[in-house]
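Just so you know, we're using the numbering used here here: the sequence shown kicks off at 534 and counts up by one.
For every residue, glycine included, the Cβ atom is placed at its ideal position computed from N, Cα and C.
A quick note: this is a predicted structure, and the numbers were derived from the prediction, not measured.
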Amino acid sequence: MRSKIVAGNWKMNKNLAETEALLTELAAKLPDTNAEVMVAPTFVNLASAVHSLESSTINAIAQNMHFAESGAYTGEISGDMLVSIGVDTVILGHSERRAYFGETDEILEKKVKAALAKNLRVMFCFGEELADRKSENHFKVVESQIKNALFSLDASAWSSIILAYEPVWAIGTGETASADQAQEMHAFIRKTITEAYNEEIANNVSILYGGSVKPANAEEIFSKPDVDGGLIGGAALVADNFVDIIKAI
Ligand code: PGA
534 MRSKIVAGNW KMNKNLAETE ALLTELAAKL PDTNAEVMVA PTFVNLASAV HSLESSTINA
594 IAQNMHFAES GAYTGEISGD MLVSIGVDTV ILGHSERRAY FGETDEILEK KVKAALAKNL
654 RVMFCFGEEL ADRKSENHFK VVESQIKNAL FSLDASAWSS IILAYEPVWA IGTGETASAD
714 QAQEMHAFIR KTITEAYNEE IANNVSILYG GSVKPANAEE IFSKPDVDGG LIGGAALVAD
774 NFVDIIKAI
């Protein structure tokens with residue numbers, strides 16, 4: 534059975550004091566839920582976040598990592614470093630990494646394999662741009678993003694994969710895909726995985742939706758059968774909003 538997940542991607546927001554304040558507030562207000570709740574603070578505060586959340590069920594995860602084991606990669610972070618501070622999950626392939634930092638499918642395939650080799654779970658993000666949707670190429674684009682980075686994995690690796698469909702046109706724009714658009718794409722992703730692997734793997738992988746999820750639209754999006762939760766940006770930076778989104782699942 535796939536699990537429900539609500540994850541907050543804090544991006545390049547919150548200094549140390551702000552991180553600690555938000556974590557304290559979240560831990561205090563966390564509602565009873567069957568969903569796995571995750572937050573991804575900036576690297577510089579990740580170790581202290583792991584420490585602060587020791588007695589909470591909230592899981593602190595990483596926003597990115599490099600594919601190399603170690604070495605001369607100034608400014609980068611390795612999988613081993615994440616594991617060494619108690620992190621078990623890493624976001625890879627976020628559209629901002631692809632757009633601003635040149636991450637290609639080829640690089641992402643290497644990163645996914647490097648993360649899995651360290652027994653990290655991978656939250657793999659992908660999604661079409663507005664032009665792709667307007668030209669009705671969105672299914673093709675999403676299929677190739679998944680195929681290029683993930684379909685060389687062994688079937689057994691899929692138990693460590695979480696997918697996050699994030700249409701680029703809906704990220705940070707206030708525009709959300711409709712619940713039906715999300716459901717349509719998530720069902721398509723499961724069909725694509727069924728064809729490449731099998732139905733069991735397709736049914737067991739959690740597929741999150743991301744892109745302007747907020748308290749007002751979370752319940753409708755989460756009500757769709759193939760939507761297993763959300764990857765939340767802006768609304769995850771305010772405890773009450775994130776808590777309301779968790780309640781919606
Ligand atoms: P948003 O970001 O919720 O601010 O649109 C989502 C994301 O980038 O993961």
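Run through DSSP, which three-state label would residue i get?
i	result
Tyr633	helix
Asn542	strand
Phe515	Here the chain comprises residues numbered 534 to 782, so residue 515 is not present and cannot be evaluated.
Gly767	helix
Glu587	coil
Gly663	For the sequence presented, residue 663 should be read as Leu rather than Gly. The answer is helix: DSSP assigns Leu663 an H, G or I state.
Ala772	helix
Asn736	helix
To the nearest angstrom, how far is the alpha carbon of residue i from that of residue j?
i	j	result
Glu642	Ser689	16 angstroms
Met534	Ile726	16 angstroms
Ile694	Ile704	22 angstroms
Lys780	Val674	32 angstroms
Ser603	Asp713	43 angstroms
Glu676	Phe684	10 angstroms
Gly608	Ala720	38 angstroms
Ala697	Ser756	16 angstroms
Trp691	Ile734	7 angstroms
Lys724	Ile610	34 angstroms
Tyr742	Asn548	27 angstroms
Lys644	Phe634	14 angstroms
Arg666	Glu587	42 angstroms
Glu669	Asp773	37 angstroms
Val701	Ser589	32 angstroms
In its own chain, which residues sit with a C-beta less than 7 angstroms from the C-beta of residue i, not counting the 5 before and 5 after it?
i	result
Val620	Leu579, Val583, Ala593, Ile594 and Ala595
Gly767	Gly705
Leu574	Before going on, a small fix: residue 574 reads as Pro here, not Leu. So the qualifying residues of the chain are Trp543, Lys547, Thr552, Ala582 and Ala593.
Leu615	Ala595, Met598, Val623 and Leu653
Kindly list the residues whose CB is nearer than 6 angstroms to the CB of residue i, restricted to its own chain and excluding five residues on each side of it in sequence; keep chain order.
i	result
Ser739	Arg535, Ser536, Ile538, Ile695 and Asp761
Ala769	Gly541 and Phe775
Ala729	Phe684
Phe600	Lys643, Lys644 and Ala647
Quick one: residues in its chain with C-beta nearer than 8 angstroms to the C-beta of residue i, no 5 flanking neighbours on either side, listed in chain order?
i	result
Asp613	Glu602, Ser603 and Lys651
Ile591	Leu556, Leu559, Ala560, Leu563, Val570, Met571 and Val572
Please list the terminal residues of the continuous alpha helix (DSSP H) segment that includes residue i.
i	result
Thr557	Leu549 to Lys562
Gly612	Gly612 to Ser617
Arg723	Ala712 to Ala729
Ile754	Pro748 to Phe755
Leu625	It is not in any alpha helix (DSSP H) - Leu625 instead sits in the beta strand (DSSP E) that spans Thr622 to Leu625.
Just curious, the beta strand (DSSP E) that residue i is in, first and last residue?
i	result
Ala697	Ile694 to Tyr698
Arg654	Arg654 to Phe659
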